[in-house]
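Residue numbers (the working numbering): -13 to 411.
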């Protein structure tokens, strides 16, 4: 008797829910759409409601049948699709346990549809939500994760490229080889436990930001030959210097090669490594002494025969248009102060004593202003501060987010005027 009574109450509640779903009060329909104990067919009916606020509740509701979710993936309201993305993405890690083939297929179809959504924000939300899942059905990998990884917006592709353990080396190499959007290779270079195959592909892509990220990634496996290739290129790439010096397990040969051209402060850092054998440590000490002595002798460029030779070389290069940013950057990286001082004087149209004085000022703003006056970019200014301005790394003036100088032109002109006045006095 009680069972018949309960069944009667259930039927009555069902009829009431049907009437509410078909009623004219949107607030009542919204409340109904949010309930977890509503019959699936009523939620499916509400998934087509004219009021987007009702459909948002249906999209958010875990009890909504999967075929209704699949329909909502096409909803014109972005908030509906956003709520749906959040809910469906949370189901992905457990999808392998789903025994109902129809439910599983509809879930994959819904995720695939959201992975191709017209709104970047929806795709980015999905990418962020599933970027770290450790396991998923193969259909999810090919139809969802790989689709997101190939997306043309870095906010979408970046999270899965950097974090997803489900992307194979083969797929990652293919993405790198197809010259993807800016930032994609860098995201791959930041992955945990990057293989030698991926490292080689990153280096071959010749993306400087990505290579720096790879070098900074201590879990990345880099072949000795590849590392040697990067060290050989490093004199022309100052951004490589610090991360190369800080790579774990550097060979003795690599360590000594780096000591020939990185800033003196970085040679000191090499010398402080705990993984050096006594012979390498001794050779580094000698190289450090040589570099310090060379820097001291270069200071007096007017009286040095070597300085005169370097000055003449700078003048010849300037005359024929070969005093390029690349040539200047390489000279700074190599610590050729006797060349850089006259070169900067030629480019800035300042007298050499002024250039010399500003470089020796230990003032990051003055050194950066000197680089700006010479027509160089802020990356060069950073290296000039470190290598010939002998400014501590913590005090170095850094570029803005878009790589520009952090000072106004009037401030930099003021630094130049101040340097000229100080030198004259």
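Every residue gets a Cβ at the ideal spot worked out from N, C-alpha and C, and that includes glycine. Just so you know, these numbers come straight off a predicted model, no measurement behind them.
Residue i classed as buried or exposed, judged by whether at least 16 other C-beta atoms fall within 10 angstroms
| i | result |
| --- | --- |
| residue 321 | buried |
| residue 144 | buried |
| residue 5 | exposed |
| residue 117 | buried |
| residue 348 | exposed |
| residue 165 | exposed |
| residue 224 | buried |
| residue 10 | exposed |
| residue 83 | exposed |
| residue 2 | exposed |
| residue 401 | buried |
| residue 47 | buried |
| residue 231 | buried |
| residue 471 | Shown here, the chain extends from -13 to 411; a query on residue 471 therefore has no answer. |
Sequence-distant residues of the same chain with beta carbon closer than 7 angstroms to residue i, five excluded per side
| i | result |
| --- | --- |
| residue 59 | 67, 70, 96, 99 and 100 |
| residue 357 | 366, 367 and 370 |
| residue 169 | 140 and 144 |
| residue 344 | 352, 353, 356 and 405 |
| residue 7 | 15, 18, 28, 31 and 32 |
| residue 408 | 343 |
| residue 194 | 223 and 225 |
| residue 40 | 12, 15, 16, 19 and 32 |
| residue 176 | 148, 199 and 203 |
Assumed close pair residue i, residue j - CB separation to whole angstroms, cut-off 8 angstroms
| i | j | result |
| --- | --- | --- |
| residue 383 | residue 351 | 6 angstroms |
| residue 51 | residue 26 | 4 angstroms |
| residue 412 | residue 43 | As shown, the chain starts at -13 and ends at 411. That puts residue 412 outside it, with no answer to give. |
| residue 201 | residue 234 | Rounded, the Cβ-Cβ distance is 11 angstroms, inconsistent with contact. |
| residue 237 | residue 210 | 7 angstroms |
| residue 324 | residue 296 | 4 angstroms |
| residue 88 | residue 77 | The pair is not a contact, with the Cβ atoms about 15 angstroms apart (cut-off 8 angstroms). |
| residue 153 | residue 167 | Not really, about 16 angstroms apart at Cβ, beyond 8 angstroms. |
Residues near residue i by beta carbon distance below 6 angstroms, same chain, minus five either side
| i | result |
| --- | --- |
| residue 111 | 71 |
| residue 45 | 58, 66, 69 and 70 |
Contacting residues, own chain, Cβ-Cβ under 8 angstroms from residue i (five flanking each side not counted)
| i | result |
| --- | --- |
| residue 318 | 224, 326, 366, 369, 370, 373 and 374 |
| residue 301 | 328 and 332 |
| residue 267 | 257 |
is_contact[residue i, chain D] using C-beta, thresh 9 angstroms
| i | result |
| --- | --- |
| residue 363 | Structure shown: chain D not included; a single protein chain is present. |
Check: Fully enclosed by the segment 293 to 370, which alpha helix (DSSP H) runs are 4 residues long or longer?
Finding: 311 to 319, 323 to 334, 338 to 345 and 350 to 359
Notebook entry, point to check: Looking at C-beta atoms only, is the number of pairs between the segment 156 to 164 and the segment 173 to 186 that lie closer than 8 angstroms three or more?
Noted result: yes
Notebook entry, point to check: Is the segment 204 to 218 close to the segment 163 to 180, with three or more CB pairs under 8 angstroms?
Noted result: yes
Item checked: Ordered list of alpha helix (DSSP H) runs contained in the segment 38 to 75, each at least 4 residues -> 38 to 46 and 52 to 58
Checklist line | Those runs of the alpha helix (DSSP H) which lie wholly inside the segment 148 to 185 and span at least 4 residues | finding: 155 to 163 and 170 to 175
Check: Which ranges would you report for the alpha helix (DSSP H) in the segment 68 to 122 if only whole runs of at least 4 residues count?
Finding: 87 to 101 and 106 to 116
Margin query: With three or more C-beta pairs closer than 8 angstroms as the rule, is the segment 309 to 318 touching the segment 222 to 237?
Written below: yes
Margin query: Quick check for students: name the residue ranges of the alpha helix (DSSP H) that lie wholly in the segment 235 to 276, counting only runs of 4 or more.
Written below: 238 to 245 and 250 to 257
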